[in-house]
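Scroll down for the structure; my scribbles are underneath it.
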Amino acid sequence: MLFLQLDSGDSFSLVLYSGGALLSVWFLSAVVGAIDSIPVFPKLMEVVGLAYTLWFATRYLLFKICARALIFYFRWYLAHALMGMN
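Each position in the sequence shown, counted from 1, maps to that position plus 60 in my numbering.
In structure tokens:
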């Protein structure tokens, strides 16, 4: 069994944050359901996603020099943003 002792301030924060998280998940689920019920919108998003995929593939994956630029940018992002280098 897990015996967890919380202070009154900790338990209030825990209840507040978990309630807020549940409320936001419920709200976002309702928003996604409402958008999904619009007949044209899901198909439009599929077309936009397909167009972006085709653009990305032709821009960065088809030509060698652009692929090198993408790899350079990815390595730079890993070094600076994730590793904390300046």
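Even for Gly, the Cβ is constructed at its ideal location relative to N, Cα and C.
The DSSP-derived three-state label of residue 144 is coil. In this structure, residue 104 sits away from residue 120, with a CB-CB distance that is not shorter than 7 Å. With respect to the 7 Å criterion, residue 87 and residue 95 are not classified as neighbours on the basis of their beta carbons. Residue 97 carries a coil assignment under DSSP once its states are collapsed to helix, strand and coil.
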